[in-house]
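*Asks:* Per this note's numbering, the sequence shown starts with residue 11, numbered consecutively.
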Amino acid sequence: MEPDHDRPKPPDEGAELAALRARVAELEARPSARRPRARSFLAVLLVLVAAVLTPLSIVSTWAKNQIGDTDNYVAMMAPLASDPDVRAAVTDRVTGAVMRHLDVKALLSDVSPADRPVLDKALSKLNGPLTTGMSDFVHGTVEGFVAGDAFARIWTDLNRTAQSATVKALSGSGGGAVKLTGDTVTIDLAPVVDRVKQRLVDRGLGIAAKLPEIHTDFTVLTSDSVGKAKKWFRALQLLGFWLPLVTLVLAAGGVLLAVRRRRALVTAALAVAAGAAVLGLAVWLGRAFYLDSLPSEVSQPAAGSVFDALVGRMRALVRLVVTLGVVVALAAWLTGEGRAATRVRAMWSGGIGAVRDAAGFTGGPVGRWVHRARRPLNWTVVVVAAVVLVVWDRPTDLVTVWIALCALFVLAVVEFLDDDSSPRMAAPG
């Protein structure tokens, strides 16, 4: 009997088993759906925590390096000696203190007893004009002294001798010229009063030499939150170095854990910048609320100048973090494969390439080397610009703009020297 060639052959069970095993191994090798979800959740969580810690990092850095450091604090407060509002407030404060201890009748104490009744009768009628004239004389003397270099030296020495005014106040340690009374930080202007007394004597007001030692306080800061800040200030000082580092590590960890790292980098950079911007907004609003809550005897213009001096470095740090966050986010977005980013890169490279072609420039060996090293060159420009912005002492908005413009110019030069004909953007790739 002939075999039936049309009948199907029985399946090879060994081959099927091998194929099944290979399929199972392939499925086991694939990452589970839960794993990317867990990674994404953890990445988002780390980025959010970094954004929340950003304002605290800035405040802790400010508390440690500006308020807690004597030299930095003196450099921060010294310009107030030439501030018109502070000078006016100090002048009024010292004049009032001197006039409270100045006995007008004692000016004529050498008059003979026989003439005292006539003198007392005259003084009773001239007491108002005489007191006003004396007050104007003292005020002019104080004003002249405060406008001079001697007051600037006393002001600087006062803050330096007291080490850090706010550190002493918030830590509750030490005494001296700076103290915390309730919720008010004050500076004792006794050294200024002593110099003013000598000036009054030199100008012919000999009775000023008999004035006792006069202590009068100049309010540096007053707020219901000063007492509360006292509890947290030491912690902020201790965290001054570690908290910014932890914030940076958390943000970097969130980016590295993310499935789409470029998108995570953009999100993390913008989140950190947003956290810093929230702090800047809080400082701006806090200034307005603080000035509105001041007692009537405190000069609002002078208090505003002191407040601006105290938080000036904090504002600079806010601008720095916001700027770096936006720059990093923009660089990460531009180096991505998105349609808009690709279009922007094409416009950048095409525009500079058109200028190069119109100039008839050929890069030659230099152009070929630039083309090979374009990516490290561009990253070097970005890193150098960021480092300059970070190490610049108190960078203003104008300084930030100029650093950005210089970086863009150098990136444009790199793109111009690149002799590759395909459109490319001179940005970190």
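Just so it is clear, CB atoms sit at the ideal spot from N, CA and C, and this is done for glycine as well.
Only counting runs of 4 or more residues, tell me where the alpha helix (DSSP H) segments fall wholly within the region 294-354, in order along the chain.
*Replies:* If we require 4 residues or more, the alpha helix (DSSP H) runs fully inside the region 294-354 come out as 310-344.
*Asks:* Which residue wins for smallest C-alpha separation from residue 341, given the options 142, 414, 297, 51?
*Replies:* When each option's Cα is compared against that of residue 341, the closest is 414.
*Asks:* Give the C-beta separation of residue 338 and residue 290 to the nearest angstrom, bearing in mind that I take them to be a contact with Cβ-Cβ under 8 Å.
*Replies:* Their Cβ separation, rounded to whole angstroms, is 18 Å, which puts residue 338 and residue 290 out of contact at 8 Å.
*Asks:* Helix, strand or coil for residue 224? Go by DSSP, reduced to three states.
*Replies:* Coil, per DSSP.
*Asks:* By the DSSP assignment, the alpha helix (DSSP H) with residue 396 in it spans what residues?
*Replies:* That run of the alpha helix (DSSP H) goes 384-401.
*Asks:* With the cut-off set at 9 Å, would you say residue 301 and residue 313 are in Cβ contact?
*Replies:* Yes. Within cutoff.
*Asks:* Decide yes or no for the touch test of the region 390-403 against the region 355-367: beta carbon pairs closer than 8 Å, at least 3 of them.
*Replies:* Output reads no: the region 355-367 does not touch the region 390-403.
*Asks:* Within 10 Å of its beta-carbon, does residue 25 have 16 or more other beta-carbons around it, so buried, or fewer, so exposed?
*Replies:* Exposed is the call here.
*Asks:* I think residue 281 touches residue 274, with their Cβ atoms under 8 Å apart; what is that distance to the nearest whole Å?
*Replies:* Not really, about 10 Å apart at Cβ, beyond 8 Å.
*Asks:* So what does DSSP say about residue 93, is it helix, strand or coil?
*Replies:* DSSP places residue 93 in coil when its eight states are reduced to three.
*Asks:* Give the range of the alpha helix (DSSP H) segment to which residue 78 is assigned.
*Replies:* Where residue 78 is concerned, there is no enclosing alpha helix (DSSP H), given that its DSSP letter is neither H nor E.
*Asks:* Can you give me the C-alpha to C-alpha distance between residue 251 and residue 320, rounded to a whole angstrom?
*Replies:* Answer to the nearest angstrom: the Cα atoms are 20 Å apart.
*Asks:* What whole-angstrom Cβ distance do residue 196 and residue 149 have, given they're in contact under 8 Å?
*Replies:* Contact doesn't hold; Cβ gap of about 22 Å is too wide.
*Asks:* Kindly say whether residue 101, judged by its beta-carbon, lies nearer than 9 Å to any beta-carbon of chain B.
*Replies:* Of the chains in the structure shown, none is chain B; there is only one protein chain.
*Asks:* Can you give me the C-alpha to C-alpha distance between residue 99 and residue 317, rounded to a whole angstrom?
*Replies:* Straight-line Cα distance between these residues: approximately 14 Å.
*Asks:* Return the CA-CA distance between residue 153 and residue 323, expressed in angstroms with no decimal places.
*Replies:* Between residue 153 and residue 323, the C-alpha separation is close to 30 Å.
*Asks:* Would a C-beta distance cut-off of 9 Å place residue 57 and residue 253 closer than the cut-off?
*Replies:* Taking 9 Å as the Cβ cut-off, residue 57 and residue 253 do not qualify as a contacting pair.
*Asks:* With 16 as the cutoff for other CB atoms within 10 Å, does residue 299 come out buried or exposed?
*Replies:* Exposed, by the Cβ-count rule.
*Asks:* Closest to residue 389 by CA distance: which of 402, 364, 418 is it?
*Replies:* Among 402, 364, 418, the Cα nearest to that of residue 389 belongs to 418.
*Asks:* Can you tell which of 284, 366, 355, 297 has the C-alpha that lies nearest to the C-alpha of residue 331?
*Replies:* Minimum Cα distance to residue 331 is reached at 284.
*Asks:* Alpha carbon to alpha carbon, what distance is there between residue 405 and residue 315?
*Replies:* Approximately 19 Å between the Cα atoms of the pair.
*Asks:* Apart from the five residues on each side of it in sequence, which residues of its chain come closer than 8 Å, Cβ to Cβ, to residue 424?
*Replies:* Taken in chain order, the residues that qualify are 380, 384, 387, 388, 391, 436.
*Asks:* Please identify the residue among 27, 401, 65 whose C-alpha is closest to the C-alpha of residue 249.
*Replies:* Cα-wise, what sits closest to residue 249 is 65.
*Asks:* Taking the alpha-carbon positions, what's the residue 474 to residue 167 distance?
*Replies:* Since the displayed the chain opens at 11 and closes at 439, residue 474 lies outside it and no answer follows.
*Asks:* Pull up the DSSP beta-bridge partners for residue 198, would you.
*Replies:* Residue 198 pairs with 227.
*Asks:* Using only CA atoms, which one of 222, 157, 348 lies nearest to residue 270?
*Replies:* Checked all of 222, 157, 348; the closest Cα to residue 270 is 348.
*Asks:* Leaving out five residues on either side along the sequence, give the residues of the same chain with a beta carbon under 8 Å from the beta carbon of residue 398.
*Replies:* Cβ within range, chain order: 413.
*Asks:* Between the Cα of residue 81 and the Cα atoms of 30, 169, 206, 92, which residue gives the shortest distance?
*Replies:* Comparing Cα-Cα distances from residue 81 to each of 30, 169, 206, 92, the minimum goes to 169.
*Asks:* Where residue 165 and residue 207 are concerned, what is the direct C-alpha to C-alpha distance, given to the nearest angstrom?
*Replies:* Looking at the two C-alpha atoms, the distance is approximately 17 Å.
*Asks:* Alpha carbon to alpha carbon, what distance is there between residue 146 and residue 133?
*Replies:* The predicted position of residue 133 is uncertain, since its pLDDT is 49 and thus under 50; a value taken from the coordinates is nonetheless stated next. So the two alpha carbons sit approximately 18 Å from each other.
*Asks:* In terms of residues, what are the limits of the alpha helix (DSSP H) holding residue 371?
*Replies:* No alpha helix (DSSP H) holds residue 371; DSSP gives it neither H nor E.
*Asks:* Quick check on residue 155: buried or exposed, where buried means 16 or more other Cβ atoms within 10 Å of its Cβ?
*Replies:* The residue in question, residue 155, is buried, as its Cβ has 16 or more Cβ neighbours within 10 Å.
*Asks:* Taking C-beta to C-beta, are residue 91 and residue 200 nearer than 9 Å?
*Replies:* No.
*Asks:* Taking the C-alpha atoms as reference points, what is the distance between residue 69 and residue 265?
*Replies:* If you take the alpha carbons of residue 69 and residue 265, they lie about 24 Å apart.
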